[in-house]
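Chains as they are written, first to last, in my numbering: chain A, 1 to 134; chain B, 135 to 874; chain C, 875 to 1321. Think of the CB as a built atom: it goes at the ideal place given N, C-alpha and C, for glycine as much as any other residue.
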Amino acid sequence: MPLLWYLRDEISFTGTKFGCGMALCGACTVHLNGDPVRSCQMPVGDVGDRQITTIEAMSSDRIGKAVQDAWIAEQVPQCGYCQSGQIMSATALLRVKAAPSDEDIDAALSGNICRCATYRRIRTAVHKAAQELR
Amino acid sequence: MRRLRMMIAADTASQRSMQASRRQVLAGLGGFIIALGMGGRLAHAAAIEKDAGFVPNVFIRVAHDGHVKVISSYLEMGQGTFTGLATMAAEELDVGIDQVTVEAAPADLAYANPKFGIQGTGGSTAMAGAWDKMRPAAATARAMLLTAAGKRWRVPVEQLTVERGVVHHVASGRSAGYGDFVDAAMRMAVPTTVEVKKPDQYRLLGRPGTRRIDVAAKVDGSAIYTQDQKLPDMLVAVMAHPPKLWGKVAAVDAEAALAVPGVVAVVEVPGDDDVQGGVAVLARNTWVAMRGRDALNIRWDGTKAPRIDTAEMAKRFEDLSKTPGRVALTRGKILTDRPSGGTTIEAIYHQPFLAHAPMEPMNCLVHIEGDRCTIWNGEQNHTIDQVNAAKELGIPTDHVAINQLYAGGSFGRRANPRSDFVREAVRIAREARKKGIGVPIKMVWMREDDMRMTQYRPQTVHNAVIQLDGDGKIASWHHRIVGASFTKVTAPDGIDHMLLEGIEDMPYAIPNLRLEQHNPEDTYVPTQWLRSVGHTHSAFVGETLIDEAARAAKADPYQYRRAMLLKGDPRQLGVLDLVAQRSGWGRPLAEGADGTRRARGIALQQAFGTYVAQVVEVSLHQDGSYAVDRVYCSVDCGTVINPDIVMAQIEGGTGFGLSFLRQAITIKDGAVQQGNFNDYPVLRMDAMPPVEVSIIPSTAKPTGVGEPGVPLIAPAVVNAIASLTGKSIHALPLPAEIEL
Amino acid sequence: MTSENPAPRKRFRPLRWAGYAAIVAAAGFGILLGDAMITPTGPDPVSPIGGAPADLPASMSRGEYLTRAADCAACHTRQGGLPYAGGRPFELPIGTIFSTNITSDPQNGIGRWTDDAFVKAVREGIGSKGHLYPAMPYTSYSRMSRADVLEIKKYLLSLQPVPQAAPENTLGFPFNQRWGMFFWNTAFFRERRQPQVEGHNATWHRGAYLADALGHCSECHTPRNLAFARKSGSAFAGSVTEGWKAYNITADKTDGIGAWTDDQIASYLRTGHAPGRSSAAGPMAEVVENSTQYLTPSDIKALVGYLRSVPARKGGEPGGTVETNPLGARNSNAVLPGKDPQQTSSRGARLFAGDCAGCHQYNGAGRQSNYANLTGSRAVNDPSGAALVQVLLHGTKLNVGGVEQSMPAFGATYSDTQIAEVANYVLTHFGSKTGSVTAGDVKKQRK
């Protein structure tokens, strides 16, 4: 069973969303030992003893909290459905690069689709979170 | 959505009688029933809610602790309605937006959309509709609470002021929160007239800094969408849909599916002319249901499935476009001969079917108990879905209750005029009950279901013949549109005006104009509005043709539009001039590197009462690939309720419209050929340009902003490209590389 | 889930060209050689070389095991159709032929076939209507023992009959003349049982039987001569099948799989993925899915041992040496590509960021599945990008142990230039190669 459906249906962590089921949209992004993975393609049996972190834990993560705050400050979400995945990808980015460039943001977040096209605000919010964390 | 009223006329009649009977029931309950001063009455939810507090009307409740609850008639699908309604209420009540929560209304005609006559969200009508409903509703509540305060303190109401929900009487130094006056207000008669604030009194309306009320829950994963809704004992249903549209199940071998551990049942779901149907697999876990679905052995009967072929359809439409159609609009006399010294522009445009592809694929949770049915859904079309669900079950309409949840996008999809996916969910639950399964069932469509079984923006062909006179002015415009109707609902004159909007109300002064329409209804492709409806295709045609006329007249496309504009509509000119000024129109653009050429493109449109003009800066690379570097946008949407949301909607709409450049749904032998984001590409982060939105200050009634941001980007980009290549582009999607 | 009318798949097994080749190449001298050349030679191999292995699980019959090892399902099942019911189209330049129904159905299948007739069809290519076209790999199956062929028949007869007629082949004259195959057979076909080779033990012989008789590996992996017969001196040196690369699987360290560990080869056969090396795609993914994933540990070991012994032969892509630790991936992490100024702003890089990085990641580790690991894969080290383009255009999928791995197809929306650009980015980033894929190459591969 993919991790996505384990999280959502078995243990009711519904902040992680189903969007495409083929790792094409990023809505289901969670962290596996800190690295972003698409939980819709990740067999739960392959997780082993590695740590899974979901959107529900971001408020207690230093970087995750800064990202969430920046998302609020920039008023990023519209429908909001993709934003859990966006925030997980952004948090992972800031973990490996404290001051990402626009190209870095494209490289790390282009895999996350937002049909409301909140992309520019996402970009601004990532820069803002990076600044706050410095 | 405008013409839905006709379609369900019979049903609304029964709704009205239901309404009357409901009123009697409520009266019998001895609840707090008030006069219908605001044209509303007590909502179902309010009636059953214990200690609802002060309920002056269907839109506002004030609790004993002073907290304000706003009831939204509309769906929050990202467009910011909840925040807009809360802002209006907070403004009139003089409370902070943080002191307001928004609750979705139940399905009830008390919440009818004033534009439609029934309850539903669409056509960018929410703010426009609420303007004359929510503000008086909140002002009424404020007036009653203040009257109560004045009575208790024995002071004139005029001497009272309110700040953040606390009533002050400065002279006597007394102050108390709204909550203290709730009980007194509850015993008062509702005033019949009430004054709302004047623009110079606004603290919140139109002011920057009001945050969306739904954002906090949308950044920590706690916002609940239909996909997330759970109920005790709930089963998930995953569908096996026909591989060809309208194919039917001939035989099902469910043995292997039922052998998948965790699969509870396999249910055949009858299809008809509105619902595709197929076979549902029920399990507690979505993944298990998917595996069960994959294990089904189904023989499909494709004999009744029409052999739909979009390529063939394009040819047929093009042929039709060369024959006279039903005349929708005629002005003056079409010139068949080219004016002396003039130019003739002849163009045939092709645009494909499009899918909504919201991030949350369609889903719907249904629980049938006895002769009652409860639905949880990102509900955009309350009345119609309620009526249709009741019909499916043969129960009275008011036995269907609808709980509206957040929608993960919709772009119109969740307001299906035939309730296709809602009825499919109801049918699953109905058929499951016949097998003794009475638990709540949540139907979950996979992305592929959502792409292949959706209801598409119609494929169209436009055929235009434009005669320019010796001065380059448009002397005559003959235009035919061929396309299946958006909803199969047409006006009494037999015309589908949704297909024509944007063309039939072009902002240009064209002395001789003839607009004809062909509505071939034998396409067998389910169609439905998509964010900005007719403008999704008409703006591309109209605004690229104007540019073509300008090129033929060797005129600057901005100045040409200016000169051609209808007189007497200063708002068109306002947005056009503003965007030209903001974008530095006329000033040379910096050249790109390595032979990349750059140009601006411009477009103008009024949609849903909102005026938008756009200028784009486009780079055209040597290999024919292109990028949109920057977008300038000016908007006149009347009174601005929340400027940040206006900007977000125009910017987001622009991004949504940018996807049109590369999208197409194609159908071959009845089967939709796209299934997921690999073959139905959508705009991604790297291709999203910065969008600068300038808002024109206005005191006119507010108009919507959810849709008008969408249509202009495609023509503006194509205008920029065509100005570089000198070649007109008459089809979408564009290739990945433009032919240079 | 079944579909009612699957799109015909383009199957380009090289042998299907044989009908054409038969006439052109063989007619001249075929008659002269006559019947003598196709007389069967050699004794039937017996256990432990033939038959089922000793570690055959109790859940599987000998017949089923042999049927899987011979991969009958791959051709005799159409896409989305019922197993062994045939109807899979093979599009040839000379027309389309369809695989036959080999279920127990008496009218359409093999329900009424005698043992002799079945054996003759499998080992000699002579069916109920005359000569079979050599899309049927009887040139390999001729090495099988009669006992094993009959085990397969027994298994097939134990399955549900499917009353489904194979569509009529659509070959034009003279290719519809089955007797034409006689000449091709005369020239190129030796009906010979699996030979005993001195100096090799039973395990090696078992491996040879699995590879050459049952698995018919050489049908794809051995290059062909002008008449589309396998070149005898180039066994397993690699070829192209259905537009996909069937790579060199000899012991050559650069061109073949000589540098792979035994475990890597075994894992590839068992799961379709070799850690640090390639993942199976296209037709080979089907082979793993339908056949090799079911081989027992002893058979996997025997097959690996045999492949190891295949003489090293050159025959790889020029400059296609596999770089197992490429610079691009080495300098990257899970989230971001390393410094690579030429690449990051390229169109290929941007396409990769949007549509590919979600699974493949910049460091090549494979984000949520090892199958998405690109580092060390032959496809991303082949500067021609042939296999890469194939998988980008058409996608691939593989179901092992009930878990499906899939790569979606991008051919429908990517232009030829876009496919070429993303392929070249991948070749540089994950293979340290200068990709030479052009839009023209992609256009050819689309067909």
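Option nearest residue i by Cα separation, candidates the options
i	options	result
A:G21	A:L4, A:D69, A:V67, A:I52	A:L4
B:A417	B:A724, B:H864, B:I529, B:L392	B:L392
B:I637	B:N653, B:R614, B:G628, B:H375	B:R614
C:V1196	C:W987, C:G1250, C:S1165, C:H1234	C:G1250
B:V234	B:C507, B:V521, B:A241, B:A220	B:A220
A:V37	C:Y1180, C:N1247, C:G1240, C:H1090	C:G1240
C:L940	C:S973, C:I1026, C:G916, C:P1011	C:I1026
B:C498	B:A686, B:K607, B:R561, B:T470	B:R561
B:R450	B:D428, B:E751, B:T594	B:T594
C:E938	C:G999, C:G1001, C:L1031	C:L1031
B:H726	B:W719, B:R716, B:E751	Here residue 726 of chain B is Gly; the residue named in the question, His, does not match the sequence. That would be B:E751, whose Cα lies nearest to the Cα of B:G726.
B:I784	B:G570, B:L710, B:R695, B:I829	B:I829
B:V769	B:L707, B:G396, B:T621, B:M819	B:L707
C:K1086	C:T974, C:G960, C:L1006, C:M1018	Correcting the residue type first, residue 1086 of chain C is Asp in the shown sequence and not Lys. Of the candidates C:T974, C:G960, C:L1006, C:M1018, the one whose C-alpha sits nearest the C-alpha of C:D1086 is C:M1018.
Whether residue i touches residue j by CB criterion (8 Å)
i	j	result
B:A223	B:A272	yes
B:A741	B:S666	yes
B:P325	B:T274	yes
B:A618	B:P654	yes
B:R734	B:V749	yes
C:T1302	C:G1202	yes
C:L1272	C:G1146	yes
C:S1014	C:S1092	yes
Residue i, enclosing alpha helix (DSSP H) - first and last residue
i	result
C:G1275	Per DSSP, C:G1275 belongs to no alpha helix (DSSP H) and is neither H nor E.
B:T744	Segment 744 to 754 is the beta strand (DSSP E) holding B:T744; no alpha helix (DSSP H) there.
B:L723	Where B:L723 is concerned, there is no enclosing alpha helix (DSSP H), given that its DSSP letter is neither H nor E.
B:E292	No alpha helix (DSSP H) contains B:E292, which DSSP labels as neither H nor E.
C:N1043	No alpha helix (DSSP H) holds C:N1043; DSSP gives it neither H nor E.
B:T221	215 to 227
C:K1027	1020 to 1032
B:T704	Per the sequence shown, residue 704 of chain B should be read as Pro rather than Thr. Start and end: 704 to 717.
Whole-Å CB distance - residue i paired with residue j, under 8 Å assumed
i	j	result
B:G257	B:T517	So it is not a contact: roughly 15 Å between Cβ atoms.
C:Y1299	C:A1223	5 Å
B:E210	B:L338	Incorrect: roughly 18 Å between the Cβ atoms, too far for contact.
B:T531	B:Q520	6 Å
B:A462	B:L649	5 Å
C:A1208	A:D104	So it is not a contact: roughly 13 Å between Cβ atoms.
A:L154	A:T53	What the structure shows of chain A is the stretch from 1 to 134, and residue 154 of chain A is not part of that stretch, so it cannot be assessed.
Residue i beta carbon near the ligand ADP (any heavy atom closer than 7 Å)
i	result
B:D228	Of ligands this structure carries none, so the ligand ADP is not represented either.
N-terminal and C-terminal residue of the beta strand (DSSP E) that residue i is part of
i	result
B:S768	760 to 770
C:T970	969 to 972
B:W421	Where B:W421 is concerned, there is no enclosing beta strand (DSSP E), although the alpha helix (DSSP H) it sits in stretches over 420 to 429.
B:Q648	Note on residue identity: the sequence assigns Arg, not Gln, to residue 648 of chain B. Residues 646 to 652.
B:G735	731 to 741
B:V534	534 to 538
C:K1119	1118 to 1120
request  = Write down every uninterrupted run of the beta strand (DSSP E) in the segment 470 to 526 of chain B whose length is 3 residues or greater and which is fully enclosed by it, in chain order.
outcome  = 477 to 485, 497 to 503, 506 to 511
message: Threshold first: 3 residues or longer. Then list the beta strand (DSSP E) segments lying entirely within the segment 307 to 357 of chain B, N to C.
response: 308 to 311
For a minimum of 3 consecutive residues, which ranges assigned as the beta strand (DSSP E) are wholly contained in the segment 764 to 847 of chain B? 825 to 829
Can you give, in chain order, each stretch of the alpha helix (DSSP H) that sits fully within the segment 934 to 959 of chain C and has at least 4 residues?
936 to 943, 946 to 950
My parser needs the alpha helix (DSSP H) runs of 4 or more residues fully inside the segment 1124 to 1189 of chain C; what are they? 1136 to 1145, 1156 to 1164, 1171 to 1183
Please list the segments of the alpha helix (DSSP H) lying wholly inside the segment 245 to 292 of chain B, counting only runs of 4 or more residues, in order along the chain. 260 to 265, 268 to 287
Open item on the list: In chain order, what are the residue ranges of uninterrupted beta strand (DSSP E) at least 3 long that sit wholly in the segment 1214 to 1294 of chain C?
Closed with: 1270 to 1274, 1277 to 1281
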